[in-house]
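Visitor: Residue numbers (full-length UniProt numbering): 1 to 768. For every residue, glycine included, the Cβ atom is placed at its ideal position computed from N, Cα and C. Owing to the predicted nature of the structure, the values given are computational and were not obtained by experimental measurement. Let me begin by handing over the structure; questions about it come next.
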């Protein structure tokens, strides 16, 4: 976006009023969006107002519309629901009610409205904006406002953020609250799984999603369910027999439990509801299985927001304020959406129209079209589920884990094994990384071998950090001995470097001329060629949860600063994103060099903070951010400088960041990455088959499978070498560094360059 003259961001909002409200159903992460809107609005010099109880508060006015302060949004990040309240409002549906709302805004000088809610709430906001001039005339004629007030409030700017656990809004990859709802669902599924295995039971779980099956579909992928019912794709005729055959087969291969996921809006091809009771009666009567049904209900809306939803809400809140302050009377109402790893602005009513088209397509029986209209991510999830849920010249594909263990590795292995079997391949387990490949600890894997792996943390195959260069000859001999035709390497930076070493050794060892793919899996998120790594989301949520508890402790004792050391090697991803999710005062990382002036500024910031009502501090430090400014050094410095004002505590989180069960994101991400990798290898093997044997020595036969923006892409290892800082084990370019200014602004640092950097972010990427 072109701008003719530089602006002082702290003056952008002077003289302007911004109101923020939440409407419709509540969703975890709404508070993060409210907090970011308030703090960035205040930072720009605007007056920011809470509208309590949604549109009802807008109509009623009075104490329902109150000015917000910096401190009033403190400690909101970790709270579920919406602190400012939400309500269904019949009054706002009438012109009389909207006139009252307009009057309340005009009297307070508010001409910018930020609405967080579903498509109905956002449509109502757009209608309010469109008739704003008419409402002003009604108020003028009635003598409710003066001509001067009408002139000062001549137009209303609207921006929307979608808060909905169903992820049912087209135009955004994720809505606020969806990831947290998946966390709640998976907690229940994991708990149910243990009791179901004990008694060999079938469990039917109903999740929310009256018109959208996203929660059900991703839950099915994340827990390896036997069947999923979603409104977008009703099952074919005779599904009852098909379901019973599949459940019987799963028991025959040794599975002790069956899991069926049902969206609350699931229908058959004739439009009749498919409920938990219908499925339970079918399975009980036809198969005689001990069957239980659970309807989760509103537990999915509860609990603390996940790290993803906190960061998503914060980023959307920042972008929403920028959109409002840059708007002109001719700017159409927009909605802030997530596209890949970017916050973008899209025309509000275009997104609403596409969302309505999905409902229309389902009503008219155009189910394939409905799935496509939901977006590429939904379609990919559906296709992956179909591949994994259905059992159907021999190729041997070996799978190994390399580097440190992380949550989600097992989900990737399971997916790769089952997709490989469906493709007619023999899948081989290589235990203990490259050591196992050199020493021959290799065994075949069957469909049942990887049963139940999706929800298990760590690495069931075993993993080591050893690199292959010192044992290349042994590795080449075992590749020949076990007749391995392709290799899947799942792991961290050692997997990336190990893959490069195998490619280099191809010149000397012909046995290594096989296709191979590296799937990034590390808590550090430091693999070139991918914006995200399997395991990083789980580690991020672990850090965020720990920081929540620490902040709660500090809130009780007052005047306390905690210094937390995170993992990541030289990569500051975990420290930065956890800082955003937990509301840290600073996050020290290697990529943004720390000097004594920075430390001095942070201490002064905390000394000032202790004079406010928020008497606590949180500092995150990446483990290798600086060789001299260690965690102990920073702790001692803060302790000395804070004497008499605050005291300090330090925590080194350590290996707890690598443990635990994987989050829904890591389960789903690992599942899709494993499937994609094996399907790519299958095609690559066809290309490399020459004269009765496999021979692959081109750069594009050894790739990293990475997530870039919205797509999973394969990039040759040799090409990515140029974008790698091998000494510090990080990519030379990292997308998340652009989010650093948000962290500082929300912590109340005055940084002019940071906000200007945010203003220059490319928002031209439209997914339509």
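Would DSSP call residue 647 helix, strand or coil?
Guide: Sequence index remark: in the chain shown, residue 647 carries index 647 (1-based). Three-state DSSP puts residue 647 in a strand.
Visitor: Tell me whether residue 612 is buried or exposed, calling it buried when 16 or more other Cβ atoms sit within 10 Å of its Cβ.
Guide: Here residue 612 corresponds to residue number 612 of the chain shown, with the count starting at 1. Answer is exposed; the Cβ neighbour count stays below 16.
Visitor: With a cut-off of 8 Å, do at least 3 Cβ pairs link the segment 208-218 to the segment 250-264?
Guide: The segment 208-218 vs the segment 250-264: in contact.
Visitor: Taking C-beta to C-beta, are residue 673 and residue 534 nearer than 8 Å?
Guide: What you label residue 673 is simply residue 673 of the chain shown in a count that begins at 1. What you label residue 534 is simply residue 534 of the chain shown in a count that begins at 1. Yes.
Visitor: Using the C-alpha atoms, what's the distance from residue 646 back to residue 607?
Guide: Position 607 of the chain shown holds residue 607. Position 646 of the chain shown holds residue 646. Using only the alpha carbons, I get a separation of about 8 Å.
Visitor: With respect to the alpha helix (DSSP H) encompassing residue 200, which residues constitute its N-terminal and C-terminal limits?
Guide: For the purposes of this step, residue 200 is identified with residue 200 of the chain shown, where counting begins at 1. Unbroken run through residue 200: none, as it is neither H nor E.
Visitor: Looking at C-alpha atoms only, which residue of 250, 411 and 327 is the closest neighbour of residue 16?
Guide: As a working note, residue 16 is residue 16 in the chain shown. Per the Cα distances, 327.
Visitor: Going residue by residue through the segment 180-247, where are the continuous beta strand (DSSP E) segments of at least 3 residues, counting only ones entirely within it?
Guide: Counting only runs of 3 or more, we get 202-207 and 227-229.
Visitor: Am I right that residue 292 and residue 203 are in contact with their C-beta atoms under 8 Å? What's the rounded C-beta distance?
Guide: Taking the chain shown and counting its residues from 1, one reaches residue 292 at position 292. Taking the chain shown and counting its residues from 1, one reaches residue 203 at position 203. Contact flag correct, Cβ pair sits at about 5 Å.
Visitor: Just curious, the alpha helix (DSSP H) that residue 496 is in, first and last residue?
Guide: Your numbering for residue 496 matches position 496 in the chain shown. It spans 493-505 - the alpha helix (DSSP H) in which residue 496 sits, taken as one unbroken run.
Visitor: Would you call residue 44 buried or exposed, if buried means 16 or more other Cβ atoms sit within 10 Å of its Cβ?
Guide: Looking up residue 44 in the chain shown gives position 44. The residue in question, residue 44, is buried, as its Cβ has 16 or more Cβ neighbours within 10 Å.
Visitor: What's the call for residue 424, buried or exposed, on a 16-neighbour Cβ count within 10 Å?
Guide: By one-based count along the chain shown, residue 424 stands at place 424. Classification of residue 424: exposed, given that the 10 Å Cβ count is below 16.
Visitor: What three-state label does DSSP hand residue 110 in the structure shown?
Guide: Here residue 110 is taken as the residue at index 110 of the chain shown, counted from 1. Looking at residue 110 - three-state DSSP - the assignment turns out to be coil, as it is neither helix nor strand.
Visitor: Just list the alpha helix (DSSP H) runs in the segment 663-726, keeping only unbroken ones of 4 residues or longer that don't cross its boundaries, in chain order.
Guide: The segment 663-726 contains these whole alpha helix (DSSP H) runs: 664-688 and 717-720.
Visitor: Mapping the DSSP letters down to three states, classify residue 379 as helix, strand or coil.
Guide: Translated into the one-based positions of the chain shown, residue 379 becomes position 379. If DSSP states are grouped into helix, strand and coil, residue 379 belongs with the helices.
Visitor: For the alpha helix (DSSP H) that residue 35 lies in, which residues bound it at each end?
Guide: Taking the first residue of the chain shown as 1, we reach residue 35 at position 35. Looking at the DSSP string, the run of the alpha helix (DSSP H) that includes residue 35 is 30-43.
Visitor: Grouping DSSP H, G and I as helix and E and B as strand, with all else coil, what is residue 441?
Guide: Looking up residue 441 in the chain shown gives position 441. Looking at residue 441 - three-state DSSP - the assignment turns out to be coil, as it is neither helix nor strand.
Visitor: Residue ranges of each beta strand (DSSP E) run of no fewer than 3 residues wholly in the segment 399-439, ordered along the chain?
Guide: With a minimum length of 3 residues, the continuous beta strand (DSSP E) runs that stay inside the segment 399-439 are 426-430.
Visitor: Out of 620, 525 and 181, which one is the CA nearest neighbour of residue 732?
Guide: By 1-based counting over the chain shown, the position of residue 732 is 732. When each option's Cα is compared against that of residue 732, the closest is 525.
Visitor: When the distance is taken between beta carbons, is residue 415 closer than 8 Å to residue 671?
Guide: Start at 1 with the first residue of the chain shown, and residue 671 comes out as number 671. Start at 1 with the first residue of the chain shown, and residue 415 comes out as number 415. Yes, the Cβ-Cβ distance between residue 671 and residue 415 is below 8 Å.
Visitor: Buried or exposed, going by whether 16 or more other CB atoms sit within 10 Å of the CB of residue 363?
Guide: In the chain shown, the residue the question calls residue 363 occupies position 363. Exposed, by the Cβ-count rule.
Visitor: Could you check whether the Cβ of residue 310 sits closer than 7 Å to any heavy atom belonging to the ligand MG?
Guide: Ligands are entirely absent from the displayed structure, and the ligand MG is therefore not among its contents.
Visitor: Just tell me which of 449, 466, 450 and 330 has its CA closest to the CA of residue 432.
Guide: Looking up residue 432 in the chain shown gives position 432. Among 449, 466, 450 and 330, the Cα nearest to that of residue 432 is on 466.
Visitor: Out of 253, 317, 443 and 557, which one is the CA nearest neighbour of residue 745?
Guide: The sequence position of residue 745 within the chain shown is 745, counting from 1. Nearest option by C-alpha distance: 317.
Visitor: Would you list, in sequence order, the uninterrupted beta strand (DSSP E) runs of no fewer than 3 residues that lie entirely inside the segment 85-172?
Guide: 112-117 and 157-162, all fully within the segment 85-172.
Visitor: Could you check how far apart the C-beta atoms of residue 34 and residue 22 are, in whole angstroms? I think they sit under 8 Å.
Guide: Residue 34 sits at position 34 when you count from the first residue of the chain shown. Residue 22 sits at position 22 when you count from the first residue of the chain shown. With 8 Å as the limit, residue 34 and residue 22 qualify as a contact, their Cβ atoms being about 7 Å apart.
Visitor: How far does the alpha helix (DSSP H) with residue 793 in it extend, from its first residue to its last?
Guide: Nothing can be reported for residue 793: it is not among the residues displayed for the chain, which extend from 1 to 768.
Visitor: For the beta strand (DSSP E) that contains residue 562, what are its first and last residues?
Guide: To locate residue 562, count along the chain shown from 1; it is residue 562. Its beta strand (DSSP E) spans residues 560-566.
Visitor: Are residue 408 and residue 26 touching if we call contact CB-CB under 8 Å?
Guide: Locating residue 408 in the chain shown gives position 408, where the first residue counts as 1. Locating residue 26 in the chain shown gives position 26, where the first residue counts as 1. It is not a contact, given that the beta carbons lie outside the stated cut-off.
Visitor: Cutting at 6 Å between CB atoms, please list the residues of its own chain near residue 581, excluding the five before and the five after it.
Guide: In the chain shown, counting from the first residue as 1, residue 581 sits at position 581. For residue 581, where only same-chain residues beyond five positions count, the Cβ hits under 6 Å are 307, 310, 311 and 544.
Visitor: May I ask you to report which of helix, strand or coil DSSP gives residue 388?
Guide: Counting from one through the chain shown, the residue named residue 388 turns up at place 388. DSSP places residue 388 in helix when its eight states are reduced to three.
Visitor: Which partner residues of residue 396 appear in the DSSP bridge assignment?
Guide: Position 396 of the chain shown, counted from the start, is the residue given in the question as residue 396. 426.
Visitor: With DSSP as the reference, please indicate the residues paired to residue 516 in a beta bridge.
Guide: Taking the chain shown and counting its residues from 1, the one referred to as residue 516 is at position 516. Beta-bridge pairing links residue 516 to 487 and 702.
Visitor: Hey, how far is the Cα of residue 654 from the Cα of residue 589?
Guide: Counting from one through the chain shown, the residue named residue 654 turns up at place 654. Counting from one through the chain shown, the residue named residue 589 turns up at place 589. Each residue's Cα considered, the two are about 16 Å apart.
Visitor: Please identify the residue among 322, 240 and 469 whose C-alpha is closest to the C-alpha of residue 284.
Guide: Along the chain shown, read from residue 1 onward, the residue named residue 284 stands at position 284. Nearest option by C-alpha distance: 240.
Visitor: Where residue 391 and residue 487 are concerned, what is the direct C-alpha to C-alpha distance, given to the nearest angstrom?
Guide: Position 391 of the chain shown, counted from the first residue, corresponds to residue 391. Position 487 of the chain shown, counted from the first residue, corresponds to residue 487. Reliability of the predicted coordinates at residue 391 is poor, the pLDDT of 46 falling under 50, and the value obtained from them is presented with this limitation in mind. Whole-angstrom Cα-Cα distance: 23 Å.
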